[in-house]
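J.: Can you read through this structure? Questions will come right after.
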Amino acid sequence: MKFRWILPIAFLITLHLNATDAAVEAHVATIAINPREVTVLHLRPEFESTIKMPEEITSVILGSPSEFKAEHSEGEPEYVYVKPITKEPAQSNLLIATKSGQHVTLELVSDGSDPSQQVQPVDFLLVYRTARSFLIAADPADMELSRAAAKDPVPNGSGSVADLRSVPHSSLDEEFIEQESVNAPRWTKWEDQQIETSIGDMRQWNNETVISYSILNNSDRPVEIVPPQIQITERKATKKKNKEGKGIISDQLEIRDYRLSATRLEPGARADGVVVFDRPNFKESSEKLFLQIAQADQVDCPILIRLPFTPPISGDGK
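Position 300 of the sequence shown, counting from 1, maps to 1078 under our numbering, and the rest follow consecutively.
Pasting the structure below:
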């Protein structure tokens, strides 16, 4: 087994190492997860950088395996180790996804081994923490607390069972927990797809729309699910009836936030999700609204689930 040592942060901040006769300034950072931002990670040949996520990592996608190496093992489920494998200056991207559906995007930058080009400190340790805001997923510790409560309820002072899920949640948390509690969703099968889908509640939160859904892997192979998308399509007018199926215009709507319980589904496994998006105030009669769900290996053939333009349930987000 390969052992790795992570030195204390206070020591790393002031640490200076010598590699190829050049002083290396070590840098350590702790930042909040934001799926809409790209984090720049400065690397150096012959040095390995560590990325720590707040929960178990399910997938690591590296843009240029010929220039960088990214390692992740089940024995260390929260860590990814990255380093350049070329001495020339290089750039690439790295995507990391976790079991609750959170993901981060990084830009990998290596100045190369030439000392004259090495102007940035090396990011030795990058620690991601769960962001806390109105529509950001709950802290993993809170999620573990909810799971423990579901398995082992604790009696309160009055003698009744106190479910720890009664701890205040955001509106997104409540929608997510409610969708997870659906024992037997009505699954819809799709031609040439390994997965089945089920749509839950669709609500209006002030100027935003939220929809909950579930995904089932009804195949004998594992699948990976990409983040959901919302699109609105319009059929272009055409003079020839035999071309009616062509000329479709599709626009992606802005996703405010989403939650997905898992991105990797083993055979027979289920994932639950919630997505919040900005719905336009009006549309033309030919336009249609869809929830787009796709597998990582079939992004060109997504599942499009028709949504009502006006949500059937209204409510205020807390």
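We put the CB at the ideal spot given by N, CA and C, even for glycine.
Is the segment 847-867 in contact with the segment 1005-1012, if contact means three or more CB pairs nearer than 8 Å?
T.: Output reads no: the segment 1005-1012 does not touch the segment 847-867.
J.: Determine the extent of the alpha helix (DSSP H) in which Asp951 is found, giving its start and end residues.
T.: In the sequence shown, counting from the first residue as 1, residue 951 sits at position 173. Unbroken alpha helix (DSSP H) run through Asp951: 949-958.
J.: On a Cα-Cα basis, can you pick out the residue from Pro1080, Gln957, Tyr906, Val818 that is closest to Val988?
T.: Indexing the sequence shown from 1 puts residue 988 at position 210. Of Pro1080, Gln957, Tyr906, Val818, the residue nearest in Cα terms is Gln957.
J.: Only counting the same chain, and skipping five residues up and downstream in sequence, which positions put a Cβ closer than 8 Å to that of Ala848?
T.: Translated into the one-based positions of the sequence shown, residue 848 becomes position 70. Val838, Leu840, Val858, Tyr859, Val860, Leu872.
J.: Within the 8 Å Cβ cut-off, does His820 reach chain B?
T.: Structure shown: chain B not included; a single protein chain is present.
J.: Excluding five sequence neighbours on each side, which residues of the same chain lie with their C-beta closer than 8 Å to the C-beta of Val1054?
T.: For this step, residue 1054 is matched to residue 276 along the sequence shown. Once the five neighbours on either side are set aside, the close Cβ partners of Val1054 are Leu913, Leu950, Trp983, Glu986, Thr987, Val988, Ile1033, Arg1034, Asp1035, Tyr1036.
J.: Val882 and Ile874 - do their beta-carbons sit closer together than 8 Å?
T.: Residue numbering aside, residue 874 sits at position 96 when the sequence shown is read from its first letter. Residue numbering aside, residue 882 sits at position 104 when the sequence shown is read from its first letter. Taking 8 Å as the Cβ cut-off, Ile874 and Val882 qualify as a contacting pair.
J.: Excluding five sequence neighbours on each side, which residues of the same chain lie with their C-beta closer than 6 Å to the C-beta of Ile816?
T.: Residue 816 sits at position 38 when you count from the first residue of the sequence shown. A small fix is needed here, since residue 816 is Val in this sequence, not Ile. So the qualifying residues of the chain are Thr883, Glu885.
J.: Looking only at its own chain, which residues have a Cβ that is under 8 Å from the Cβ of Val900, when we skip the five neighbours before and after it?
T.: Numbered from 1 along the sequence shown, position 122 holds the residue referred to as residue 900. So the list reads Val802, Glu803, Ala804, His805, His820, Leu821, Arg822, Phe825, Ser827, once near-sequence residues are dropped.
J.: According to DSSP, what are the bridge partners of Gln1070?
T.: What you label residue 1070 is simply residue 292 of the sequence shown in a count that begins at 1. Gln1007, Leu1082.
J.: Between which two residues does the beta strand (DSSP E) containing Gly1046 stretch?
T.: Position 268 of the sequence shown holds residue 1046. Run containing Gly1046: none; DSSP gives neither H nor E here.
J.: Can you tell me whether Asp889 is buried or exposed? The criterion is at least 16 other CB atoms within 10 Å of its CB, across all chains shown.
T.: In the sequence shown, the residue the question calls residue 889 occupies position 111. Buried is the call here.
J.: Suppose contacts are defined by Cβ-Cβ distances below 8 Å. Is Ala810 in contact with Phe846 by that definition?
T.: As a working mapping, residue 810 is identified with position 32 in the sequence shown. As a working mapping, residue 846 is identified with position 68 in the sequence shown. Going by C-beta atoms, Ala810 is not nearer than 8 Å to Phe846.
J.: Asp876 and Thr836: beta carbons closer than 8 Å?
T.: Here residue 876 corresponds to residue number 98 of the sequence shown, with the count starting at 1. Here residue 836 corresponds to residue number 58 of the sequence shown, with the count starting at 1. In the sequence as presented, Asp is not what sits at residue 876; that position holds Thr. Cβ atoms of Thr876 and Thr836: closer than 8 Å.
J.: Taking the straight line between their C-alpha atoms, what separation do you get for Arg907 and Arg814?
T.: On the sequence shown, residue 907 is found 129 positions in, with the first residue counted as 1. On the sequence shown, residue 814 is found 36 positions in, with the first residue counted as 1. If you take the alpha carbons of Arg907 and Arg814, they lie about 15 Å apart.
J.: Select from Ile1083, Pro843, Ser842 the residue whose C-alpha is nearest the C-alpha of Gly978.
T.: Mapped onto the sequence shown, residue 978 falls at position 200. Measuring from the Cα of Gly978, the nearest candidate turns out to be Ile1083.
J.: Straight-line CA distance for Phe902 to Pro862?
T.: If you number the sequence shown from 1, residue 902 lands on position 124. If you number the sequence shown from 1, residue 862 lands on position 84. If you take the alpha carbons of Phe902 and Pro862, they lie about 13 Å apart.
J.: Mapping DSSP to helix, strand and coil, what is Ser997?
T.: Reading the sequence shown from its first residue, position 219 is the one you call residue 997. The answer is coil: DSSP assigns Ser997 none of H, G, I, E or B.
J.: Can you name the residues that DSSP bridges to Phe846?
T.: Position 68 of the sequence shown holds residue 846. According to DSSP, which records beta bridges pairwise, Phe846 is partnered with Pro862.
J.: On the criterion of 16 or more Cβ atoms from any shown chain inside 10 Å, does Pro1080 qualify as buried, or is it exposed?
T.: On the sequence shown, residue 1080 is found 302 positions in, with the first residue counted as 1. Flag for Pro1080 reads buried.
J.: How many angstroms separate the CA atom of Ser729 from the CA atom of Pro1045?
T.: Look at the range of the chain in this structure, 779 to 1096, and you will see that residue 729 is not part of it.
J.: Could you say which of Lys967, Ala1040, Met980 lies nearest to Phe1068 if we only look at CA atoms?
T.: Translated into the one-based positions of the sequence shown, residue 1068 becomes position 290. Nearest C-alpha to Phe1068: Met980.
J.: When the Cα atoms are used, what is the spatial distance from Pro918 to His850?
T.: Translated into the one-based positions of the sequence shown, residue 918 becomes position 140. Translated into the one-based positions of the sequence shown, residue 850 becomes position 72. Reliability of the predicted coordinates at Pro918 is poor, the pLDDT of 42 falling under 50, and no value is obtained from them.
J.: Note down the Cα distance separating Gln1076 from Asp892, rounded to an integer number of angstroms.
T.: In the sequence shown, the residue the question calls residue 1076 occupies position 298. In the sequence shown, the residue the question calls residue 892 occupies position 114. Between Gln1076 and Asp892, the C-alpha separation is close to 41 Å.
J.: Just to confirm my understanding: we take Val818, look at its own chain, exclude 5 residues before and 5 after, and list those with CB closer than 7 Å. What are they?
T.: Here residue 818 refers to the residue found at position 40 when the sequence shown is read from its first residue. Cβ within range, chain order: Glu885, Val887.
J.: Rounded to whole angstroms, what's the CA-CA distance from Asn812 to Ser959? Just pull it up for me.
T.: Counted from its first residue, the sequence shown places residue 812 at position 34. Counted from its first residue, the sequence shown places residue 959 at position 181. In a straight line, the C-alpha of Asn812 is about 27 Å away from that of Ser959.
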